[in-house]
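S.K.: A single structure is presented below for examination.
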Amino acid sequence: MLDVRRVTAGYGKVAVLHEVDLAVAAGECVAILGANNAGKSTLLRVISGLMPARGGQVLFEAHDITADSAAERVSRGLVQVPEGRHVFADLTVEENLLLGGLRLGTGTSRRAKLVTMYDTFPLLLSMRLRQAGTLSGGEQQLVVIARGLMAEPKILLLDEPSLGLSPIAIDRVLDVLLAIRKTGTTMVVVEQNVQLCFDLCSRGYVLRQGRVVIADSMDRLSAEELRRAYFV
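The sequence shown begins at 943 in my numbering and counts up one residue at a time.
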């Protein structure tokens, strides 16, 4: 479904990614792991079109999308949930969700999808008229995940969904992501929380200094391999 082939990228004169390869099949949940500054979020930005690749290719459903804009990729069904819980603080929860469904058009399609989101996220139904900026960090994270799902993604790209959350909020987010996975939605998850990825994902790629150093199933990743990737 998604193929990243020998991708290089960077900021100014600084190279961040070095010929990275990654493949994701339909229905998979794949983790991208690594220490700070390993290039995880940069890789996700290249995949989503928020940052250009300097070399290599990004293919989605066998189409070369390397030169496509972020908006064009969203229209193809590639949707990113960004790091940092970027809600529209002055809008209500429901208004935030409806913005996520803009690619569905107006009218009944978006409203029908909204009902589905409230079934998946019953907590959001109870606070649908509250301003998103008044919610807790964990609640805001649920809003941005639901907003991403409103676009009916073929693949959902999640950047650090547990960042800055309490243990209770992380458990709530994990429960939601597990429920999403059961629907067959393809996911790529960038995370520092290794345990969340073990609970959620079937395969993982570990980056170190912008290179893939491990690519394996999560159940075959050993603590020693991860320690070397993170700290050596």
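The C-beta atom is built at its ideal place from N, Cα and C for all residues, glycine as well.
Given the structure is predicted, the values throughout are model-derived calculations rather than measurements.
Residues in the same chain with beta-carbon distance under 7 Å from G1126, minus the five sequence neighbours each way, listed in chain order, please.
M.R.: These residues qualify, in order along the chain: G969.
S.K.: Tell me which residue opens and which closes the beta strand (DSSP E) that G1090 is part of.
M.R.: Element bounds for G1090: not the beta strand (DSSP E) but the alpha helix (DSSP H), 1079-1092.
S.K.: Could you give the DSSP three-state label for F1002: helix, strand or coil?
M.R.: In this structure, F1002 counts as strand in the three-state DSSP scheme.
S.K.: Which residues share a DSSP beta bridge with D1101?
M.R.: According to DSSP, which records beta bridges pairwise, D1101 is partnered with V1132.
S.K.: At the level of alpha carbons, what is the spacing between R948 and T1076?
M.R.: So the two alpha carbons sit approximately 43 Å from each other.
S.K.: What's the gap between the Cα of L975 and the Cα of V1023?
M.R.: Approximately 17 Å, taken between the alpha carbons.
S.K.: Looking at the secondary structure, which residues open and close the alpha helix (DSSP H) in which D1158 lies?
M.R.: Looking at the DSSP string, D1158 is not in any alpha helix (DSSP H); the run it does join, the beta strand (DSSP E), is 1153-1159.
S.K.: Run the CB neighbour count on P1095, radius 10 Å, all protein chains shown included, and call it buried at 16 or more, exposed below.
M.R.: The residue in question, P1095, is buried, as its Cβ has 16 or more Cβ neighbours within 10 Å.
S.K.: Compute the beta-carbon to beta-carbon distance between L1149 and A980, rounded to the nearest angstrom, for a pair I have assumed lies under 8 Å.
M.R.: About 4 Å; that satisfies the 8 Å criterion.
S.K.: Using the C-alpha atoms, what's the distance from E1133 back to S1017?
M.R.: Cα to Cα, S1017 sits roughly 25 Å from E1133.
S.K.: According to DSSP, is I1122 part of a helix, a strand, or is it coil?
M.R.: I1122 falls in the helix class under three-state DSSP.
S.K.: Looking at V972: is its Cβ nearer than 7 Å to the Cβ of R1145?
M.R.: Going by C-beta atoms, V972 is nearer than 7 Å to R1145.
S.K.: Answer yes or no: do L1107 and G1080 have a C-beta to C-beta separation smaller than 7 Å?
M.R.: Yes, the Cβ-Cβ distance between L1107 and G1080 is below 7 Å.
S.K.: Grouping DSSP H, G and I as helix and E and B as strand, with all else coil, what is T1127?
M.R.: Of the three classes helix, strand and coil, the one that applies to T1127 here is coil, per DSSP.
S.K.: What do you reckon, are the CB atoms on D945 and L985 nearer than 7 Å?
M.R.: The answer is no: Cβ separation not under 7 Å.
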